[in-house]
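This report refers to the structure that appears directly beneath it.
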Amino acid sequence: MQTDKFISRHNGPRDHEIDEMLKVVGVSSLDELIDQTVPTNIRLKKPLNLPEPMSEYEFLNHIRKVSSKNKFYKSFIGMGYYGTATPSVILRNILENPSWYTSYTPYQAEISQGRLEALLNFQTMVIELTGLPIANASLLDEATAAAEAMIMMFNQRSRTAVKEGHNVLFVDQDIFPQTLDVIKTRSAPLGIEVVTGCYSEYEFKGKEFGVIVQYPSGKGNIRDYSAFAAKAHEAGALVTAVADILSLALITPPGEWGADIAAGSTQRFGIPMGFGGPHAAYFACKDEYKRNMPGRIIGVSVDRHGNKALRMALQTREQHIKRERATSNICTAQALLATMAGMYAVYHGPKGIKRIASYVHSIAVLVAEELDKLGYKQNVKNIFDTLEVELPSGVTVEDIRKNALTHQINLNYKSNGTIGISFDETTSINDINNLLSVFAESTGKQFNKITEIKEVNSIPEGLQRKSPFLTDKVFNSFHSETEMMRYIKKLERRDIALNHSMISLGSCTMKLNPATTMFPLSWPEWNGLHPFVPSDQAEGYLQVIREMEQYLAEITGLHSVTLQPNSGAAGEYTGLMVIRQYHISRGEGHRNVVLIPSSAHGTNPASSAMAGMKVVVVKCDDKGNIDVDDLKAKAEQHRENLSAFMVTYPSTHGVFESKIKEMIDIVHQNGGLVYMDGANMNAQVGLTSPGEIGADVCHLNLHKTFAIPHGGGGPGVGPIAVAEHLTPFLPSHPVVKTGGDKAISAVAAAPYGSASIVVISYAYILMLGAEGLTQATKMAILNANYLAARLKDHYKILYTGETGRVAHEMILDCHHFKLTYGVDTSDVGRRMMDYGYHAPTVSFPVHESLMVEPTESESKQELDRFVEMMIAIKQELEDIKNGKADKADNLIANAPHTATEAAADEWNHPYTRQQAAFPLPWVAQNKFWPFVSKIDAGYGDRNLVCTCAPIEEYM
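According to UniProt numbering, the stretch in the sequence shown is residues 1 to 955, in order.
Put into structure tokens, the structure is as follows:
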């Protein structure tokens, strides 16, 4: 018998408090509230079939046993994944620190200055290493970054090129196979023709809009692409280099030989392989393309005092503005991993990064020389870290493989009979001698053991880097552990995260990331495995993956699951591509119309456009519900071409719509399939399911419903679950077999996406079990309705269900604030910072509104503090209206107030310092001081600066 159930620790309210909350809501029991909230016709008929819940202690023992099934051989496979040594100061103070992993995407810039600076460091690192002037704050992985580069080049075509049908992308054949596969996936629905071949032999035909080359090449060649880049530009094509970022410390950066875009992975900057992820991709480009760059860009602006301040610049939340006209569906980043990679550069500095690169290169040169003595021919002339060797007569690949496995070594066995060998910073002298033993034994020859690694540089003079890099102060200041620890702490203090107070973001589900679920991330048993190792070396990982697929299929009521998509937006895209392929398989490839409610997340139409779909918007009624008559009319109007209906449930307005099954029937009757956006799945688990409702496919945000941290905007996992008829179309992978017999090609670089963090959700499900998961859903609904009940006399709740209940979130109507009080909704959000809170979701999905979602993890005490703050702010608004506060110089218009301002010798406001900084008694007990005041967003966009040079004075 368990003495302490995990559910009692995960849910916030205590049993006696639940009764008090139910009285406020106006129901006699939790079940009565659920019956009033969730329509009876979609309720599950039986409990979820999941294992009995484990205690935290039991789970840790279980995951230890599972991890022992993984075999840790030394991998020289390379192919974009390398061993790396994560500095302990970064591991302990960032990856294992809830101040960093529980923070949200920095939309609220004034209380996100720490992680914004960390991401600015990342951008600066990328800019200086690539030799290009603009970089973003990371993308999902190398393969998807290359695909984003393709789309960006495609979108840069001139009107003449578009008119003349310039739709050819040339990709050099010596590129990693997973990257090429994702490029092909992304190209298909857009009408892009991908042509592969040898770059040096390629003749431009006049229809090319872009080219992509790998640098160094997949074989390991360092090539001089300058002449090829000039030739491409002369033909009107842009050039993208998929570049190994560590190599750029030694070889000419892409920006210096003519590349327009550079993309790649920063995995080898201190981010463990983790069986494929998560890792932060990078993306840099020439200045003229900055407004079309995908992802987030961190820029430097000023606050109302003229101080330097950071914010997300340019296309922030562009999907919610441009929708199907957005240039990308990327709405997040790999922020936590980008932060770590940037800190790796900060800690090592330019000398350290160059030393690591030189060490890796020196090993490669040394091993190449020793293999040559043993009779193995080296195919690659100019190398950085990778060899491709031909076997001498009488030696077979199987001979090498057998000996390698005996020595617990993995190599890259290629289809052409050669063997690839890649080295990294973790390669030791012992590893080298072990490796040489494998090749020596296969020839029957002896070799002289290596006793030291001398620094050498075999890179030709014309290919060597001459320009300095990482010149900014931040990369040259914090090289002792003490200084690095303090720098990280300094940035940490500038951010609000979930370990400080509730983050009530509607639609974003900032729930507890339980400590027990996070522990395995730091264990070498989970973070050190290469994604392409033989399956018998990854039995622990594969057990977790297979069981997670089963659990998620059961929870969603659908047949099969893929974990490959590594974000929610990527899951949307994958689901639509699976639907597209299903229609094609039935000879109905013309079906390309997607119906999307006007209330939908902006990524829905953006993903549809990327999947080659035509978006038709379905109206919502005055109560926020989808207009069923409009849906029916448009489904019938487009019945010959109807592909899918994308619906979020509960709705983006926070309501369980009772006619959902009727809507799904309408779509099915007109030949379409139903895609359910799983953003609000945390209000479904255990009570209903996409399968029960009738959906054909849904994606899940494991960083929302299933407790993976947001990490400042990423990592995430966006698996999709599909009905049986869609199972054959789940994505494949060119290196590791995945997917069905009619699979679409890969949607991510790794076969199982960001596998290492799937363990978090695995723990969450196993510790809660069916009953706990269901109870968590019920508590999320109770907490939301408790807030609604307490706030309804002070703020208008914009949408409620037919019985007057909200689901797991609610929208507070603030559209009249500007007219009535002279302040914007965003000003109210900033005033909440003075009380120590992150704002709810501002102006989405309804303009000038606040969308509030408390989650099940928040205690009644925290909910009551939140209510007290909201009532106090409402009174501050009324004071402006009634003339008790100045219409211009008031608490809300000037928020947030910094410690520097509050402690200044002069105070020229008509309100007191205490009213500004300590508006309620309990604020002083846990005061958070915003580092900057209200930021001038327009200034930052008009004067775009996205490197850390302007903020060095604050270091």
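Glycine included, each C-beta is placed from N, C-alpha and C at the ideal position.
* Relative to the C-alpha of Ser88, which residue among Leu819, Gly691, Tyr347, Lys354 is closest? -> Tyr347
* Asked: Between the region 529-541 and the region 672-685, do at least 3 Cβ pairs fall closer than 8 Å?
  -> no
* Does DSSP classify Glu164 as helix, strand or coil? -> Glu164 falls in the coil class under three-state DSSP.
* Beta-carbon proximity check, Asp174 vs Ala746, cutoff 8 Å -> no
* What is the DSSP secondary structure of Lys614, counted as helix, strand or coil? -> strand
* Asked: Does the Cβ of Val162 have 16 or more other Cβ atoms within 10 Å, making it buried, or fewer, making it exposed?
  -> exposed
* Asked: What does a CB cutoff of less than 7 Å around Gly694 pick up in its chain, not counting 5 residues either side in sequence?
  -> Here the set comprises Lys661, Ile664, Val674.
* **From His62, Ser103, Ala118, residue whose alpha carbon lies closest to that of Val544** => His62
* Do you know how far the Cα of Met646 is from the Cα of Pro605? -> Going by the C-alpha atoms only, they are around 9 Å apart.
* Residue span of the alpha helix (DSSP H) that contains Val828, given as start and end -> Per DSSP, the unbroken alpha helix (DSSP H) holding Val828 starts and ends at 825-834.
* **With 16 other Cβ atoms within 10 Å as the buried cut-off, status of Gln875** => exposed
* Asked: Of the residues Val759, Glu724, Asp15, which one's Cα is nearest the Cα of Gly716?
  -> Val759
* Asked: Roughly how many angstroms separate the alpha carbons of Ala780 and Ile892, rounded to a whole number?
  -> 30 Å
* Span of the beta strand (DSSP E), counted from its first residue to its last, around His699 -> Run containing His699: 697-700, per the beta strand (DSSP E) assignment.
* To do: Select from Tyr911, Tyr487, Leu595, Cys331 the residue whose C-alpha is nearest the C-alpha of Ala569.
  => Cys331
* To do: Could you work out which residue in Ala903, Thr179, Asn41, Glu856 is closest to Leu512 when comparing CA atoms only?
  => Glu856
* **Status (buried if at least 16 other CB within 10 Å, exposed otherwise) for Cys198** => exposed
* Cβ atoms of Gly295 and Ala109: under 8 Å apart, would you say? -> No, the pair does not count as a contact, with Cβ atoms beyond the cut-off.
* From which residue to which residue does the beta strand (DSSP E) around Ile298 run? -> 297-303
* Asked: Quick one, which of Arg159, Trp922, Pro910, Ser826 has its alpha-carbon nearest Glu862's?
  -> Trp922
* Asked: Which same chain residues, not among the five before or five after Phe269, have their C-beta less than 6 Å away from its C-beta?
  -> Around Phe269: Ala341, Tyr344.
* **Of the listed residues Ala515, Arg291, Ala284, Tyr359, nearest to residue 956 (C-alpha basis)** => There is simply no residue 956 to check, as the chain begins at 1 and stops at 955 in what is shown.
* Asked: Since Val171 sits in a beta bridge, which residues does DSSP pair it with?
  -> Thr196, Ile212
* Excluding the 5 residues preceding and the 5 following Ser599 in the sequence, name in chain order all residues of the same chain whose CB lies nearer than 7 Å to its CB. => Cys620, Gly624, Ser651, Thr652, His653, Pro845
* To do: Say whether the region 236-247 touches the region 270-278, bearing in mind that this needs 3 or more beta-carbon pairs closer than 8 Å, one atom from each stretch.
  => No: fewer than three Cβ pairs fall under 8 Å.
* Cα-Cα separation between Met157 and Pro189, rounded to whole angstroms -> Going by the sequence as given, residue 157 is Arg instead of Met. Answer to the nearest angstrom: the Cα atoms are 17 Å apart.
* Of all the options Ala440, Gly210, Leu436, Asp385, which has the alpha carbon lying nearest to the alpha carbon of Thr426? -> Asp385
* In chain order, what residues of the same chain lie with their CB nearer than 8 Å to the CB of Gly612, ignoring the 5 residues before and after it? -> Ala188, Pro189, Leu190, Gly191, Arg580, Asn592
* Asked: Got a sec? Which residues, its chain only, sit under 7 Å from Lys659 by beta carbon, not counting five neighbours each side?
  -> Val628
* Using the Cα positions of Thr912 and Thr820, report the straight-line distance between them to the nearest angstrom. => 24 Å
* To do: For Asn70, name the three-state secondary structure that DSSP assigns.
  => Note: Asn70 maps to strand in three-state DSSP.
* Which whole-angstrom value is the C-beta distance of Tyr107 and Pro709, which I expect to be below 8 Å? -> 17 Å between Cβ atoms; not a contact.
* **Reference Pro565; option with closest CA among Gly276, His816, Leu95, Val438** => Gly276
* To the nearest whole angstrom, what separates the beta carbons of Glu208 and Ala235, a pair I think is in contact under 8 Å? -> 6 Å
* **Supposed close pair Ile77, Met150 - CB separation, criterion 8 Å** => Not quite, the Cβ-Cβ distance comes to about 26 Å (not below 8 Å), so this is no contact.
* Asked: Could you give the C-beta distance for Pro133 and Ser754, rounded to a whole number, given that I count them as a contact under 8 Å?
  -> Rounded, the Cβ-Cβ distance is 30 Å, inconsistent with contact.
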